[in-house]
Amino acid sequence: MIARETIINLVLAVILLAVPLIAMAFGEPFYVTLSTRVAILALAAVGLNIALGLGGLVSFGHAAFFGIGGYAAGILATHAFNAEPMLFGFEGTTSMPWIWLIALTVCGLVALPIGAISLRTSGVYFIMITLAFAQMIYYFAISWPAYGGEDGLSLSVRNSFPLINTAKPLPFFLICYALLLLAMGLFALIRGSRFGAALQTARQNDTRLAAVGIAPFNIRLIAFIISAMVTGLAGALFADLNRFASPSMLSWHMSGELIVLIILGGKGRLFGPLAGAMLYVLFEYTLGGITERWQFFLGLILLGVVLFARGGLLGLLAGKARHG
Amino acid sequence: MSTALLIEQLLNGLQLGVMLFLMAAGLTLIFGVMGLINLAHGSLYMIGAFACAVVASATGSFWLGLIASLAAAAAAGAIMEVVVIRRLYDRDHLDQVLATFALILIFSEGSRWIFGSFPLYLDIPPLLQGAVSLPGGGQYQLYRLAIIAVGVAVALGLYLLISRTRLGMRIRAGESDREMIAALGIDIQTLYTIVFALGAALAGLAGALVGALQSVQVGMGEPVLILAFVVIVIGGIGSIKGALIGAILVGLIDTMGRFLLPKTLALILPAAQAGMVGGALASMLIYIVMALILAFRPRGLFAA
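Sequences listed follow chains A and B, in order. Going from the first sequence to this note's numbering is simple: count from 1 and add 55. Going from the second sequence to this note's numbering is simple: count from 1 and add 5.
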């Protein structure tokens, strides 16, 4: 028998794919953009979920990586557009695969020292120190005038992908959707691997993990870096979606939202981030249509979920998670 | 660079530090006694500032406003504790972060609803207007000196409260063993509410005092909240002494960094570039200091 969660997961994946297809058939590109937003936010949250859901590392600073990914796309595209070489004479580029590669690399390189310092602490200290690092990068971005400072960085055209016309909403959605599925595949792969088992043990009892000869620190650090890279990739797509890399992508509200997405959907679950992102964008769109004070009601809903529905949406629909 | 300017900047740093202490003291007290991380502490700061601005403009008296800010923040804190926070003590930090993040959304949008998006203004009371002369021939705002004095008085008062009174004894007992003091027959729920309201009142006081220097607006609490987090992480979470020293340290480093870094860099770089690099570095400076401190002492300077 197929587990109920698997069916719900399939339904969610099909809905996210069906909405833009149907919307295009009815000539409503707005809903395609909305779905793309869902896919990108879900991708960012899948990244965070590797650290938070599997490793129990409550990073309150993942906006840093989301923003770095976004700025990587913005900066590379700006240099390519103005035909100016960057530092050390590198050329800019408007090719998405290159931008993704660079965003992934830069996020990994930034996550290494941040993780190495933050992971020396745990609990509340970890939450606050990751928040502080993200703030540091945020303040750097707004006080460094070369790339827009507080105004952010506009992309004049969406970056390109070989053989696909990314300027149209639907192809761009499909790229984001494919990357989301890939990232969820990666999440499932990690969860089922020896590495994932060690990571989840580190969350539950790191003394035992150390006792069998695996250093929890290294496992956590690798998970933190992978997590940051996936979130950074989402950031690059987000900048392309809005054609804008803004400092608000780096703000601590963004870090909070990413955690909110995971909790709304269901912590540590494969499809939790997607369920959460769908719910979040749905709230944003419907509540935002009724009242401009929608964040007030979002706060109330979130409070209700945290206090009374701890499994999130998937917890409500599919019962308790079967894996730790 | 004159001595007067340097003294002025040092005093500004001290004033920022003292203000951060008012925020951080409540945060660290709440964490120390209840083990709770409260993101909504910045909202209490905002509530204090709004209460002061509204009452001061209605009655014309800053002092009534100040009393109102204490009362409003303490009341908001007590209500928050009874309705929401109480359910979070035995939850993990993730739930606490999220629930208090939700409270921020509710408080921020709620006050935007009531007061609108335009900032309110609060005047410095006539008694504290004017300036005093500094050694070396500068002038310094009397009001900022008064804030420093209030901060020192509060630090002293908190020290006496915690080390000399029965309530303080219970707070210290609560920090070392919650179950035990409940078993000894102390009404721990009331104690929690009192501690939370006390921390809230301090945040409200800070908001009201700063409200007269800046404008009073929605979202004013958030930058201060994050600085207060840096303070208590540096000082050691749960330690009031750590909060005091961390706050002064952060206040001085931040202010002096913004003042001195561009000037220092100007010695080796062209002026425009020095301003840019110096400004960017100065805005990151306290976070760099925090990272360095944590790299060597992961539980802060005065870990409880």
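Ideal Cβ placement from N, Cα and C applies to all residues, glycine included.
In the pairwise beta carbon analysis, the stretch 96–103 of chain B is classified as not touching the stretch 253–262 of chain B: fewer than three pairs are separated by under 8 Å. DSSP places B/Ile-258 in the helix class (H, G or I) of the three-state scheme.
In the three-state scheme derived from DSSP, where H, G and I count as helix and E and B as strand, A/Ala-364 is classed as coil.
Here the C-alpha atom of A/Phe-250 lies approximately 46 Å from the C-alpha atom of B/Met-24.
Secondary structure note for B/Ser-138: its beta strand (DSSP E) is the uninterrupted segment 136–139. For A/Leu-186, the CB contacts under 8 Å within the same chain, skipping 5 residues up- and downstream, are Phe-115, Gly-116, Trp-307 and Ser-310 in chain order.
Straight through space, the alpha carbons of A/Pro-271 and B/Gln-20 are spaced by roughly 43 Å.
When C-alpha distances from A/Phe-299 are compared across A/Tyr-232, A/Ala-132 and A/Ile-105, the shortest belongs to A/Ala-132.
Against chain B, the CB of A/Phe-195 has a partner CB under 7 Å away; the residue lies at that interface. When C-beta atoms of the stretch 275–290 of chain A are compared with those of the stretch 154–165 of chain A, three or more pairs fall below 8 Å, so the two segments count as touching. In this structure the stretch 141–153 of chain A does not lie against the stretch 264–283 of chain B, because fewer than three pairs of beta carbons, one per stretch, are closer than 8 Å. Residue B/Gln-222 holds the alpha-carbon nearest to the alpha-carbon of B/Leu-49 among B/Ile-291, B/Gln-222, B/Met-289 and B/Phe-123.
By the CB criterion at 7 Å, B/Gly-82 and B/Phe-234 fall outside the cutoff. With fewer than 16 other Cβ atoms inside 10 Å of its own Cβ, B/Gln-219 counts as exposed. Not flagged as an interface residue toward chain A: B/Gly-243, since no C-beta distance is shorter than 7 Å.
For B/Tyr-145, the enclosing beta strand (DSSP E) has its first and last residue at 143–146. Rounded to the nearest angstrom, the Cβ distance from B/Leu-44 to B/Ile-109 is 6 Å, consistent with a contact under 8 Å.
B/Ala-178 and A/Ala-294 have their C-alpha atoms some 52 Å from each other. When the alpha-carbon of B/Gly-283 is set against those of B/Pro-267, B/Tyr-292, B/Ile-293 and B/Ile-298, the nearest one is in B/Pro-267. Residue range 171–181 is occupied by the alpha helix (DSSP H) that includes B/Arg-177. Taking a Cβ-Cβ threshold of 8 Å, none of the residues of chain A is close to B/His-46; the smallest such distance is about 13 Å.
The DSSP-derived three-state label of A/Ile-219 is strand. B/Leu-147 is positioned such that its CB atom lies closer than 7 Å to that of B/Gly-135. Contact fails between the stretch 78–88 of chain A and the stretch 310–321 of chain A, because fewer than three Cβ pairs, one in each stretch, are under 8 Å apart. Beta-bridge partners assigned by DSSP to A/Ala-300: A/Leu-208. Exclusion of the five residues before and after A/Met-304 leaves Ala-118, Phe-121, Gly-122, Gly-125, Gly-290 and Phe-293 as the residues of its chain whose Cβ lies within less than 7 Å of its Cβ. Distance check between B/Ile-291 and each of B/Arg-263, B/Ala-279 and B/Gln-278 places B/Arg-263 closest, using alpha-carbon atoms only.
Put simply, the CB of A/Phe-351 is near chain B, with a gap under 7 Å to one of its CB atoms. For the set B/Ala-160, B/Glu-114 and B/Arg-92, the Cα lying nearest the Cα of B/Met-51 is the one of B/Glu-114. Under the DSSP assignment, B/Arg-304 falls outside any alpha helix (DSSP H); it carries neither an H nor an E label.
For B/Leu-299, a Cβ of chain A is located within less than 7 Å of the residue's own Cβ.
The three-state secondary structure of A/Ser-150, taken from DSSP, is strand. Under the three-state reduction of DSSP output, B/Val-89 falls in the coil class, being neither helix nor strand. Only exposed fits A/Phe-363, as fewer than 16 other CB atoms lie within 10 angstroms of its CB.
Between A/Phe-338 and A/Leu-353, the beta carbon gap of about 6 Å places them in contact (Cβ cut-off 8 Å). Rounded to the nearest whole angstrom, the C-alpha separation of B/Pro-131 and A/Ser-198 is 36 Å.
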